[in-house]
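In the UniProt record's numbering, the protein residues as written are 1 to 121.
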């Protein structure tokens, strides 16, 4: 009986939590931007170097300018980054307030995983 009662309270608590979260479909669509390795590399570059030029991003990720421009357009349209024109240059900054935190958490977790692989017997 206790196990069944606990299970019901766990289910109720989980449902209550889900009701407080944003719409799962829109959140999944927003986070799907991170599923592309090129866009993820671009976000890491912009996070590490706010105001980086698009040409420098292309060089850093070893991609051509048009491929990088397309990825940047997707990131702009989805609200992850913003472009700032300075004369003939376009510089990029993170726009989404959670982007910095997400990138640091993902990067830190990745660093820990690599470190544990390096030290494994």
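Just so it is clear, CB atoms sit at the ideal spot from N, CA and C, and this is done for glycine as well.
So, at 6 Å on beta carbons, what are the nonlocal neighbours of residue i in its own chain, with the 5 sequence-adjacent residues on each side left out?
i	result
residue 127	In the structure as shown, the chain starts at 1 and stops at 121, and residue 127 therefore has no counterpart that could be examined.
residue 65	58
As a quick exercise: from the options, pick the residue whose alpha carbon is nearest that of residue i.
i	options	result
residue 55	43, 68 and 47	68
residue 83	50, 32 and 27	50
residue 105	14, 39, 44 and 32	44
residue 77	8, 29, 12 and 102	29
residue 71	38, 14, 102 and 96	38
Quick check: what's the CA-CA separation for residue i versus residue j?
i	j	result
residue 98	residue 80	9 Å
residue 48	residue 60	12 Å
residue 119	residue 36	Confidence is the limiting factor: at residue 119 the pLDDT is only 46, short of 50, which leaves the residue's position unreliable and the question unanswerable from this model.
residue 25	residue 90	32 Å
residue 140	residue 88	With the chain covering only 1 through 121, there is no way to say anything about residue 140.
residue 53	residue 42	11 Å
residue 9	residue 31	30 Å
residue 102	residue 27	13 Å
residue 16	residue 92	39 Å
residue 14	residue 23	15 Å
residue 21	residue 7	21 Å
Within its chain, find whatever has a CB closer than 7 Å to the CB of residue i; leave out the 5 residues flanking it on each side and keep chain order.
i	result
residue 40	34
residue 100	47 and 94
residue 96	79 and 80
Who are the Cβ neighbours of residue i in its own chain at under 8 Å, not counting the five residues just before and after it?
i	result
residue 11	none
residue 19	none
Counting only beta-carbon separations shorter than 7 Å, does residue i have a partner in chain B?
i	result
residue 52	Included in the structure is just one protein chain, with no chain B present.
Measuring only from the beta carbon, is residue i closer than 6 Å to any heavy atom that is part of the ligand NAD?
i	result
residue 106	Absence of the ligand NAD is noted for the structure shown, with no ligands found whatsoever.
Check your understanding: Taking the runs of the beta strand (DSSP E) that are 3 residues or longer, which of them lie wholly in the UniProt domain "HTH arsR-type" (18-114)?
Key -> 81-86 and 89-94
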